[in-house]
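Chemist: Structure below; questions to follow.
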Amino acid sequence: MALHTESLKDQSCLIVHGPDRPGIVAAVAALVTRNNGNIVSLDQYSSDPTSGDFFQRVVFNRPDLAAAMPAIEADLHKTLAPLGLSWTLTDRSVPKRMAILVSTSDHCLLELLWRHRRGELPVTIPMVISNHTNTAEDVRSFGVPFFHVPSLGADKSQAESGILKLLDGNVDFVVLARYMQILSPEFLDRVGVPLINIHHSFLPAFIGAAPYRKAKERGVKLIGATSHYVTKDLDEGPIIEQDVARVTHAHSAADLQARGAYVERAVLSRAVQWHAEDRVIRHGNQTIVF
Numbered sequence: 002m003a004l005h006t007e008s009l010k011d012q013s014c015l016i017v018h019g020p021d022r023p024g025i026v027a028a029v030a031a032l033v034t035r036n037n038g039n040i041v042s043l044d045q046y047s048s049d050p051t052s053g054d055f056f057q058r059v060v061f062n063r064p065d066l067a068a069a070m071p072a073i074e075a076d077l078h079k080t081l082a083p084l085g086l087s088w089t090l091t092d093r094s095v096p097k098r099m100a101i102l103v104s105t106s107d108h109c110l111l112e113l114l115w116r117h118r119r120g121e122l123p124v125t126i127p128m129v130i131s132n133h134t135n136t137a138e139d140v141r142s143f144g145v146p147f148f149h150v151p152s153l154g155a156d157k158s159q160a161e162s163g164i165l166k167l168l169d170g171n172v173d174f175v176v177l178a179r180y181m182q183i184l185s186p187e188f189l190d191r192v193g194v195p196l197i198n199i200h201h202s203f204l205p206a207f208i209g210a211a212p213y214r215k216a217k218e219r220g221v222k223l224i225g226a227t228s229h230y231v232t233k234d235l236d237e238g239p240i241i242e243q244d245v246a247r248v249t250h251a252h253s254a255a256d257l258q259a260r261g262a263y264v265e266r267a268v269l270s271r272a273v274q275w276h277a278e279d280r281v282i283r284h285g286n287q288t289i290v291f
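Okay, so the sequence shown: first residue is 2 according to the working numbering, each after it adds one.
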């Protein structure tokens, strides 16, 4: 199934954030109106109406949007800059380019590829990169290019250099679909696009190897997954989405792993969709998700 880009033709998404003050909503609505736009949806949040931060997501329709974008952007700068507000404006008919990094576990990878094929994710997937080859045939069956970049030994610089060459100028964000390599600060400095990770628990809990065995030994009653943006602080980036599944004493470690894989797939898919739809605003080490 193809992406439903035709239904998004002439639709734009405007993200606004900055210090809260009276008149922001009116200013944005007036800007859309004078640029011949019609608001389709509007979400907003203020951390404190007297001295907090303001966040807004506006989707509007404007005939011949592509031609009008430069004029709208100029108007945004003229209107919002004096208010101390930052903004981004995107054409919703242009899907974001998403690369996937994966190791040997395929459940999150295949979920993303399947949802993409069904037209449920507003992205294109120019490549899947792995440090192993076991997923190559499955990836290519979806018509997606597969690249093997091995990562051997303690020095990962050569592998990271190879990945960066593949990504450079070709993607808008990267998803770590159980990519079991720690990316260096140098890689994160150079990649230039957001990275989204999936973690096998509520963070921080049961970190390190064999998390489901540790969870079984601890006798947990809930297992979960967390999707977050990647930062230089391992597993400490802004959280996008989390979910849980209930378990009992009767579940084995293998049962916990199977249930955990189901939660991981769902959590990562939602996080990817929300990012691709410009629903996530990063604010320090937190996120606002509309």
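Note that beta-carbon positions come from the ideal geometry of N, C-alpha and C, so glycine has one too.
How many angstroms separate the CA atom of Ala210 from the CA atom of Ala251?
Modeler: Going from the Cα of Ala210 to the Cα of Ala251 covers about 22 Å.
Chemist: Which parts of the segment 9-58 are runs of the beta strand (DSSP E), unbroken and 3 residues or longer, counting only runs that do not cross its ends?
Modeler: 12-20 and 39-47, all fully within the segment 9-58.
Chemist: Taking only the alpha-carbon atoms, compute the straight-line gap between Ala267 and Ala259 and give it to the nearest angstrom.
Modeler: Their backbone Cα atoms lie some 13 Å apart in a straight line.
Chemist: Under 8 Å: does the beta carbon of Leu113 sit that close to some heavy atom of the ligand ZN?
Modeler: No copy of the ligand ZN appears in this structure; indeed no ligand is present at all.
Chemist: For Ala3 and Asp234, what's the separation of their Cα atoms in angstroms?
Modeler: Below a pLDDT of 50, predicted positions are generally treated as unreliable, and Ala3, at 42, falls in that range; the measurement from the model is reported next regardless. Rounded to the nearest angstrom, the two C-alpha atoms are 37 Å apart.
Chemist: Tell me Trp275's beta-bridge partners as DSSP assigns them.
Modeler: In the DSSP output, where bridge partners are listed per residue, Trp275 has none listed.
Chemist: According to DSSP, simplified to helix, strand and coil, what is Leu235?
Modeler: Coil, per DSSP.
Chemist: Hey, quick one: how far does the alpha helix (DSSP H) through Glu161 stretch, first residue to last?
Modeler: Glu161 -> alpha helix (DSSP H) spans Ser158 to Leu168.
Chemist: Which class does Tyr213 belong to by DSSP, given the choice of helix, strand or coil?
Modeler: Tyr213 falls in the helix class under three-state DSSP.
Chemist: With H, G and I counted as helix, E and B as strand and the rest as coil, what does DSSP make of Met181?
Modeler: Looking at Met181 - three-state DSSP - the assignment turns out to be coil, as it is neither helix nor strand.
Chemist: Report all residues from its chain with a CB closer than 7 Å to the CB of Phe143; omit the five preceding and five following residues, and keep chain order.
Modeler: Answer for Phe143: Leu114 and Arg118, listed in chain order.
Chemist: Is Leu4 helix, strand or coil when you go by DSSP?
Modeler: The pLDDT assigned to Leu4 is 49, lower than 50, so where the model puts this residue is not dependable, and the model offers no usable value.
Chemist: So what does DSSP say about Arg260, is it helix, strand or coil?
Modeler: If DSSP states are grouped into helix, strand and coil, Arg260 belongs with the helices.
Chemist: Could you spell out the range, first to last residue, of the alpha helix (DSSP H) harbouring His117?
Modeler: From DSSP, the alpha helix (DSSP H) with His117 extends over His108 to Arg118.
Chemist: Could you give the residue range of the alpha helix (DSSP H) that holds Glu121?
Modeler: Careful: Glu121 lies outside any alpha helix (DSSP H) and carries neither H nor E.
Chemist: Decide if Gly38 is buried, meaning its Cβ has at least 16 other Cβ atoms within 10 Å, or exposed.
Modeler: Under this definition Gly38 is a buried residue.
Chemist: Starting from His284, trace the beta strand (DSSP E) in both directions and tell me its first and last residue.
Modeler: Its beta strand (DSSP E) spans residues Val281 to His284.
Chemist: Okay, do the segment 23-34 and the segment 276-285 touch, 3+ Cβ pairs below 8 Å being the bar?
Modeler: Flag = no, the segment 23-34 and the segment 276-285 do not touch.
Chemist: For a test of the three-state rule: what should DSSP assign to Thr288, helix, strand or coil?
Modeler: It is a strand residue.
Chemist: How long is the line joining the alpha carbons of Leu122 and Arg116, rounded to whole angstroms?
Modeler: If I take the Cα positions, the gap works out to 6 Å.
Chemist: Which whole-angstrom value is the C-beta distance of Gln57 and Val29, which I expect to be below 8 Å?
Modeler: The pair is a contact, with the Cβ atoms about 7 Å apart (cut-off 8 Å).
Chemist: If you follow the beta strand (DSSP E) that His229 is in, where does it begin and where does it stop?
Modeler: Its beta strand (DSSP E) spans residues Leu223 to Tyr230.
Chemist: Do Lys215 and Val248 have their C-beta atoms closer together than 9 Å?
Modeler: Cβ atoms of Lys215 and Val248: not closer than 9 Å.
Chemist: Note the first and the last residue of the continuous beta strand (DSSP E) segment covering Ser87.
Modeler: Run containing Ser87: Ser87 to Asp92, per the beta strand (DSSP E) assignment.
Chemist: Hey, how far is the Cα of Phe147 from the Cα of Val129?
Modeler: Roughly 5 Å between the two C-alpha positions.
Chemist: Can you pull the DSSP bridge partners for Ile199?
Modeler: The partner list for Ile199 (beta bridge, DSSP) reads Ser228.
Chemist: Which one or two residues does DSSP pair with Ala155 in a beta bridge?
Modeler: Paired residues: none, contrary to the question.
Chemist: For Asn286 and Pro239, which I take to be in contact (beta-carbon distance under 8 Å), what is that distance rounded to the nearest angstrom?
Modeler: Contact flag correct, Cβ pair sits at about 5 Å.
Chemist: With distance defined between alpha-carbon atoms, name the residue in Asp76, Arg22 and Ile40 nearest to Thr1.
Modeler: Residue 1 is absent from the model: the chain starts at 2 and stops at 291.
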